[in-house]
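According to the UniProt record's numbering, the sequence shown holds residues 1 to 915 in order.
Shown next, in structure tokens, is the structure this report addresses.
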Amino acid sequence: WTGPPPPIFGLIKKCRFKNAWLYVSHPPCLSFLCSASVLVGAPKASTRQFNVTEGGSVFYCPWSSSQTNCHTIEFDLKGDRNVLINDTNYQADFKSHQWFGATVRSHGDTILACAPLYSWRTKEDIPQSDATGSCYLSVENFTNFVEYAPCRTGQGYCQGGFSADFTTDGKVVLGGPGSYFWQGQVISAAKEDIIRAYYPGYFIQAVSGQIQTKQAHSLKDDSYQGYSVAAGEFSGDGVEDFVAGVPKGHMLYGSVRSLNHHFHFGFYLSMGSYFGYAVATTDINSDGMVDLLVGAPMLMVRSSHGRPEEMGQVYVYLQRSPLNLEPRLPLTGTQVFGRFGSTIAPLGDLNLDGFNDVAISCPFGGEDQQGLVYIYNGYSEGLRQKPSQVIRGQWAAGTIPASFGFALRGAKDLDMNGYPDLIVGAFGINKAILYRSRPIVNASASLTVSPTMINPEEKNCILTSGNSSIPVSCVNLSFCISADGKHLPKNLGEPIFHICILLQARKLSNTKLHSGMTQNFRDKLSSIYVALNFSLDPKAAADSHGLRPILNYQTTHVIEQKAQILLDCGEDNICVPDLKLAVSGDRKEVYLGDDNSLTLTFNARNEGEGGAYEADLYLTCSYETENQTRYLSCDLGNPMKSGTNLWAGLRFKVPRLKDTHKTIQFEAQIRSKNENNSHSEVVACKLEVIVKADVILQGVSRPDKVFFPPANWKLTKNYNVEVDVGPAVEHIYELVNNGPSRISHTLLELRCPFRVQGQTLLYPLEFSTEGPINCTADKNMNHRNLKVSDIQMNTSQGQMRQSQRVKISHHFPVAYKQYVLECLAEYRVKKMPYAIQPKLFPSGNKKVVTPVVWNKPDIENAVPLWIIILAILAGLLLLALLIYILYRLGFFKRSDPYGTAMEKAELKPQAASEA
1 WTGPPPPIFG LIKKCRFKNA WLYVSHPPCL SFLCSASVLV GAPKASTRQF
51 NVTEGGSVFY CPWSSSQTNC HTIEFDLKGD RNVLINDTNY QADFKSHQWF
101 GATVRSHGDT ILACAPLYSW RTKEDIPQSD ATGSCYLSVE NFTNFVEYAP
151 CRTGQGYCQG GFSADFTTDG KVVLGGPGSY FWQGQVISAA KEDIIRAYYP
201 GYFIQAVSGQ IQTKQAHSLK DDSYQGYSVA AGEFSGDGVE DFVAGVPKGH
251 MLYGSVRSLN HHFHFGFYLS MGSYFGYAVA TTDINSDGMV DLLVGAPMLM
301 VRSSHGRPEE MGQVYVYLQR SPLNLEPRLP LTGTQVFGRF GSTIAPLGDL
351 NLDGFNDVAI SCPFGGEDQQ GLVYIYNGYS EGLRQKPSQV IRGQWAAGTI
401 PASFGFALRG AKDLDMNGYP DLIVGAFGIN KAILYRSRPI VNASASLTVS
451 PTMINPEEKN CILTSGNSSI PVSCVNLSFC ISADGKHLPK NLGEPIFHIC
501 ILLQARKLSN TKLHSGMTQN FRDKLSSIYV ALNFSLDPKA AADSHGLRPI
551 LNYQTTHVIE QKAQILLDCG EDNICVPDLK LAVSGDRKEV YLGDDNSLTL
601 TFNARNEGEG GAYEADLYLT CSYETENQTR YLSCDLGNPM KSGTNLWAGL
651 RFKVPRLKDT HKTIQFEAQI RSKNENNSHS EVVACKLEVI VKADVILQGV
701 SRPDKVFFPP ANWKLTKNYN VEVDVGPAVE HIYELVNNGP SRISHTLLEL
751 RCPFRVQGQT LLYPLEFSTE GPINCTADKN MNHRNLKVSD IQMNTSQGQM
801 RQSQRVKISH HFPVAYKQYV LECLAEYRVK KMPYAIQPKL FPSGNKKVVT
851 PVVWNKPDIE NAVPLWIIIL AILAGLLLLA LLIYILYRLG FFKRSDPYGT
901 AMEKAELKPQ AASEA
């Protein structure tokens, strides 16, 4: 059995009681019955009493393995009773909703059943009544019923019978937490005296030998003494004492009192923990003295988050000597608001180990508040801290929680199989559930491994795989399993066992037992563990009661033995290496924002006398990254033999550095699994984290040269658009960060000469920017509010651009010369977005020059157009007159140089040629 402890109890039978809350009890064995029976209280059950609503009842259920038929015990058939006082009938008591059966106890053939909310008229002349409580005893085989109501003597809202118990010698102990303004009260009388004092028709009877607590000072009001009661011998005189829980006493911290010997104790646990809500007595450490258990179901426990949470606790007190109770480590619940410790029930010795066991309820714990019941086993020092079984309710919470475990009773063997059983009440669903104990098997096992020292070189076994045979090293195993117990079936069946081999630091290996030992495993230093795991056959036949046995939860189910691998380390089989390591890097610093390529060189040596097994070079890095692995492991050999000298280089990047540390440190170490000198010294390689930014400032003038004044430009005194001012000049500046680190707060200053020789040179129009830039100027931009044209700029990712747009002003004095417009831009990085800052912040400047070429002025020599036209006309007229005069003078009549035509004809060709 490799899981949690096996279940001791198995669900056998469920009994349903309509419209009933449950409180469960059962007698050890009624004398007139041949077998055990069960009594179930149903406080909200309807009865045959005249004019009584939900008076409550008690059901008697004889035990049978086949079926359980329950019927009502008629303790009281009468309805509300009247008394005649001064010839007037008064209603003396009120039985509706009295919760009869809320408390049920038995002693031999006597059954005690109480109705804590039974009301009785305290005075005849007023209609007020108090819930004094009332109980009935059934004696003589249900032939006689005796009423016992000791709180009718003026205790107030007593609720007698809210809790009850029997001592071993038959004394009745009642708790009435409402007496005397809720101070509470405990009352006790022998059952024989109660029967003897009873007289039908009398409401108040004096019981001989009755003892009870008295009213105390008003400071004790609202203490709830008697909320729970139990009987046990604590004084050493052989007479049982009464123990009562006082859950609201001691300034609301709660306490427990022993009434016979004024024994009183409590702890400052937490206010309102209800310490004393439940008390129980049993000998859990088997020393012959009764021990005490106290429930505090509302105790607050501080959680891992530091917040208090209601978990509940049960406190265990071992009686070391008379009236000397030693507190042990308390049991703490695990379910928030589960009310762990609401009910505590002694179970007897479940596993027959000589120590009594205990059941503790957590009625609102588990999924959907279905309720839990924990089984704790006793031992020589009290109760074990972990439960051997947790019984879970089968009914999820509805409008009312099932309250599984609100009532518990045990320590009785109902099915006569030799083991005590458990009854669990769940009043929210009107059910009582019987859980029967299964027979316990005490088993032991032994395992032997031979040889214990395995030589991998000796392959004395053959492993067959398919058609091939592989020689392997092997070991021999022998084991033996024996079992015994009480009240066991004749045939337990064959035990189920498994054998596993565990290698590599006790991790389960897939290597089968018959596979032998090969060379493929890595861990040669650690022992080889062979584990034997055994359990009972679940298909074995059940006993005569229909129950299959289980292994004792204390049984060691897994037996381990080990063997070792023979190493090449001398006669003692112990290797002692001497590991040395040297590390060097190719750089001393890394930059924030860079990928930071890095090369580390390692030199690993083993200068010892033995090999280093499972030797690894382990490299760690201290810097913080996101989603990055921060360690590296390299195999150096298995083994890394003596005299080994290895060189290795590791090239990698260190990206996404954070500025939380000014340095990053690489630490390298050789680690092996040897017991001696297993590690080398840690070698550190430290790099400084640097902030570095390469910032460039660039500038350009557009246009690169300006002519002034422009063509067709007219000087005006009043102008409305930018064209009236003069030619435009635009200076563009670009600040580029080439990294690798980022910059955040950078100051860029721009200076330009707006005036020259006392005259205005430039008219500033506007600044336009791209990127995270905020600009301010000591001159008003466009102070005349001229209409300007839009300017488009190209963006460049990762850069910041600034453009200054100005106009050459007409106020500059006119001169026939050339002037150079020179603007200076300076930047200074003030801050970088890191916790680490550079030793020297980037800074620089850039000059942008624009030559201004002045055109020749011709404004003063300008000739009007009409003069030009008149001059042209006069010139044309003069020209015409001159032509006419020349014509008249014959200038245009010229003589022919060759004479007349006749003279031309007389010329001969030769003469012509000679000519």
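We put the beta carbon where it would ideally sit given N, CA and C, even for glycine.
Start and end of the beta strand (DSSP E) containing residue i?
| i | result |
| --- | --- |
| Asp-635 | 631 to 637 |
| Ser-535 | 528 to 535 |
| Glu-367 | Taken as a continuous stretch (DSSP letters only), Glu-367 belongs to no beta strand (DSSP E), as it is neither H nor E. |
| Gly-875 | Note, Gly-875: premise wrong, no beta strand (DSSP E); alpha helix (DSSP H) at 865 to 888. |
| Tyr-763 | 762 to 770 |
| Lys-658 | It is not in any beta strand (DSSP E) - Lys-658 carries neither H nor E in the DSSP assignment. |
| Asp-169 | Here Asp-169 belongs to no beta strand (DSSP E), and DSSP marks it neither H nor E. |
| Gln-698 | 693 to 702 |
| Ser-584 | 579 to 585 |
| Pro-851 | 843 to 854 |
| Lys-412 | 404 to 412 |
| Val-52 | Taken as a continuous stretch (DSSP letters only), Val-52 belongs to no beta strand (DSSP E), as it is neither H nor E. |
| Thr-282 | 278 to 282 |
| Phe-340 | Taken as a continuous stretch (DSSP letters only), Phe-340 belongs to no beta strand (DSSP E), as it is neither H nor E. |
By the three-class DSSP mapping on this structure, what secondary structure does residue i have?
| i | result |
| --- | --- |
| Pro-27 | Unreliable positioning characterises Pro-27 in this predicted model, as indicated by a pLDDT of 49, which lies under 50. The coordinate reading is nonetheless provided below. Three-state DSSP puts Pro-27 in coil, outside helix and strand. |
| His-250 | helix |
| Ser-235 | coil |
| Thr-153 | helix |
| Tyr-315 | strand |
| Gln-210 | coil |
| Gly-333 | coil |
| Gly-382 | strand |
| Trp-63 | coil |
| Thr-511 | Any reading at Thr-511 needs caution, since the residue's pLDDT is 33, under 50, leaving its predicted position unreliable; the model's value is listed next. Reduced to three states, the DSSP call for Thr-511 is coil. |
| Trp-395 | coil |
| Leu-566 | coil |
| Leu-219 | helix |
| Pro-327 | strand |
| Thr-795 | Because the pLDDT at Thr-795 is just 34, under 50, the model does not fix this residue reliably, and the value given afterwards should be weighed accordingly. The answer is coil: DSSP assigns Thr-795 none of H, G, I, E or B. |
| Cys-114 | strand |
| Pro-740 | strand |
| Gly-643 | coil |
| His-679 | strand |
| Thr-143 | coil |
| Ile-836 | coil |
| Tyr-376 | strand |
Please check the pair residue i and residue j, which I expect to be a contact at CB under 8 Å, by giving their CB distance rounded to whole angstroms.
| i | j | result |
| --- | --- | --- |
| Thr-343 | Phe-242 | About 19 Å; that fails the 8 Å criterion. |
| Val-695 | Gln-837 | At roughly 15 Å, the Cβ-Cβ gap does not stay under 8 Å, so Val-695 and Gln-837 are not in contact. |
| Pro-346 | Gly-410 | 6 Å |
| Ile-284 | Ser-446 | Not quite, the Cβ-Cβ distance comes to about 32 Å (not below 8 Å), so this is no contact. |
| residue 929 | Tyr-136 | Because the chain is modelled from 1 through 915, residue 929 falls outside the range shown and cannot be assessed. |
| Pro-420 | Lys-431 | Not quite, the Cβ-Cβ distance comes to about 21 Å (not below 8 Å), so this is no contact. |
| Tyr-253 | Phe-275 | 7 Å |
| Tyr-317 | Pro-297 | Tyr-317 to Pro-297, Cβ: 17 Å. No contact. |
Opposite residue i in the DSSP bridges: which residues?
| i | result |
| --- | --- |
| Asp-357 | Gly-348 |
| Glu-560 | Ala-531 |
| Arg-831 | In the sequence as displayed, the identity of residue 831 is Lys instead of Arg. According to DSSP, which records beta bridges pairwise, Lys-831 is partnered with His-745. |
| Ile-664 | Leu-687 |
| Met-300 | Glu-310 |
| Gly-649 | Thr-601 |
| Tyr-148 | Cys-135 |
| Ala-540 | DSSP, once it has assigned bridges, lists no residue as partnering Ala-540. |
| Asp-241 | Gly-232 |
Identify the continuous alpha helix (DSSP H) that holds residue i and give its terminal residues.
| i | result |
| --- | --- |
| Asp-165 | Element bounds for Asp-165: not the alpha helix (DSSP H) but the beta strand (DSSP E), 163 to 166. |
| Tyr-618 | Per DSSP, Tyr-618 belongs to no alpha helix (DSSP H); it is in the beta strand (DSSP E), 615 to 621. |
| Glu-192 | 191 to 197 |
| Phe-181 | 179 to 182 |
Every unbroken beta strand (DSSP E) inside the region 423 to 506 [3 residues or more] = Entirely contained in the region 423 to 506, the beta strand (DSSP E) runs reaching 3 residues are, in chain order, 431 to 437, 440 to 450, 461 to 465, 468 to 472, 476 to 484, 496 to 503.
Continuous beta strand (DSSP E) assignments of at least 3 residues falling wholly in the region 66 to 105 = You should have 71 to 73, 82 to 85, 88 to 91.
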